[in-house]
Amino acid sequence: NNTGLGTRSGRSMKGEGNTGVGMNSLRADTTGGVVLMKYNTAVGFESMYSIDGLPEYNVAIGYQAMYNGGTTSTYNIGIGPNALTNNDGDHNIVISTINGGSGLATGDYNTLVGSQFTLAANDDSLAVFGNNLGMAAIWMKGSGNTGMGTMLPTQRVHVEGNLRVTGKYFDSNNESGVL
Numbered sequence: 025n026n027t028g029l030g031t032r033s034g035r036s037m038k039g040e041g042n043t044g045v046g047m048n049s050l051r052a053d054t055t056g057g058v059v060l061m062k063y064n065t066a067v068g069f070e071s072m073y074s075i076d077g078l079p080e081y082n083v084a085i086g087y088q089a090m091y092n093g094g095t096t097s098t099y100n101i102g103i104g105p106n107a108l109t110n111n112d113g114d115h116n117i118v119i120s121t122i123n124g125g126s127g128l129a130t131g132d133y134n135t136l137v138g139s140q141f142t143l144a145a146n147d148d149s150l151a152v153f154g155n156n157l158g159m160a161a162i163w164m165k166g167s168g169n170t171g172m173g174t175m176l177p178t179q180r181v182h183v184e185g186n187l188r189v190t191g192k193y194f195d196s197n198n199e200s201g202v203l
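So in this note's numbering, the last spot in the sequence shown is 203, and the numbers never skip.
Okay, structure coming up:
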């Protein structure tokens with residue numbers, strides 16, 4: 025019940041409900057084994073290539089999206105070149121904008137937008153927006169804190185660097201003032 029369209033698409037794959045479009049998509053180069061995959065979709069050259077283990081319900085779109093993915097990755101979406109490279113997490117969304125790597129080492133329930141940065145294991149970030157220089161510009165943590173220019177915000181809004189505000193500041197009593 026698998027569909028592969030493209031040279032070596034679906035090679036060494038076993039399972040059901042998988043669709044691969046593009047050369048080497050959904051291809052597993054395992055040593056002496058066959059990868060059991062279920063309900064994955066891969067579109068693009070080498071998307072979901074060399075996945076080991078039991079990945080299920082993943083979507084990879086783009087050049088090497090979910091390349092060399094994890095052993096038990098489930099419910100992930102990788103869009104763009106190298107999105108979710110070397111990932112071993114679940115319920116993640118990564119949108120990569122240029123070739124060069126964007127992904128998660130491990131971790132669950134994260135959203136990354138940008139390129140050339142990776143979250144470490146067990147990072148509690150809900151969303152990360154990066155630039156193409158390998159630096160995250162905005163981090164939204166599970167605690168509710170948001171960091172701009174810092175990946176470790178200690179307050180609801182934590183700015184590392186200069187801040188320019190036009191308008192008024194309001195305190196906890198909704199009183200306006202200036203600094």
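Even for Gly, the Cβ is constructed at its ideal location relative to N, Cα and C.
Since this is a predicted model, take the numbers as computed values, not measurements.
Q | Residue from S120, K62 and N134 whose Cα sits closest to the Cα of W163 | A | As a position in the sequence shown, residue 163 is number 139, starting the count at 1. The shortest Cα separation from W163 among S120, K62 and N134 belongs to N134.
Q) So, are the CB atoms of G34 and F69 less than 8 Å apart? A) Here residue 34 refers to the residue found at position 10 when the sequence shown is read from its first residue. Here residue 69 refers to the residue found at position 45 when the sequence shown is read from its first residue. In this structure, F69 does not lie closer than 8 Å to G34 by Cβ.
Q) Using 8 Å as the threshold, is the segment 105 to 119 in touch with the segment 83 to 93, meaning 3 or more CB pairs across them? A) As far as the Cβ criterion goes, the segment 105 to 119 touches the segment 83 to 93, which means the pair count is three or higher.
Q) For Q179, is the classification buried or exposed, using 16 other Cβ atoms within 10 angstroms of its Cβ as the cut-off for buried? A) As a working mapping, residue 179 is identified with position 155 in the sequence shown. Exposed.
Q | Nonlocal neighbours in the same chain, by C-beta distance under 6 Å from V189, ignoring five residues either side | A | Residue numbering aside, residue 189 sits at position 165 when the sequence shown is read from its first letter. Contacts found: none.
Q) When you compare each of I117, N186, N169 and G41 to I85 by their alpha carbons, which one comes out closest? A) Here the question's residue 85 lines up with position 61 in the sequence shown. The shortest Cα separation from I85 among I117, N186, N169 and G41 belongs to I117.
Q: Give me the Cβ distance between Y99 and Q88, rounded to the nearest whole Å; I'm assuming they're in contact under 8 Å.
A: In the sequence shown, counting from the first residue as 1, residue 99 sits at position 75. In the sequence shown, counting from the first residue as 1, residue 88 sits at position 64. Incorrect: roughly 20 Å between the Cβ atoms, too far for contact.
Q) With a Cβ-Cβ cutoff of 8 Å, do L150 and G166 count as a contact? A) Within the sequence shown, numbered from 1, the residue matching residue 150 stands at position 126. Within the sequence shown, numbered from 1, the residue matching residue 166 stands at position 142. For L150 and G166, yes; Cβs fall inside 8 Å.
Q | Beta bridge counterpart(s) of A160 as assigned by DSSP | A | Taking the sequence shown and counting its residues from 1, the one referred to as residue 160 is at position 136. Looking at the DSSP assignment, A160 forms a beta bridge with G154.
Q: Name the residue from A66, L60 and R51 whose alpha carbon lies nearest to the alpha carbon of T43.
A: Here the question's residue 43 lines up with position 19 in the sequence shown. Distance check between T43 and each of A66, L60 and R51 places A66 closest, using alpha-carbon atoms only.
Q) Is it right to say S196 is buried, meaning 16 or more other beta carbons lie within 10 angstroms of its own, or is it exposed? A) Against the sequence shown, residue 196 aligns to sequence position 172. Counting Cβ neighbours within 10 Å, S196 comes out exposed, since fewer than 16 surround it.
Q | Simplified DSSP assignment, three categories, for V118 | A | Counting from 1 along the sequence shown, the entry for residue 118 is found at position 94. Secondary structure of V118 (DSSP, three-state): strand.
Q. Using the beta-carbon count (16 or more within 10 Å), is S120 buried or exposed?
A. As a first step, residue 120 is located in the sequence shown; it is residue number 96 there, counting from the start. The residue in question, S120, is buried, as its Cβ has 16 or more Cβ neighbours within 10 Å.
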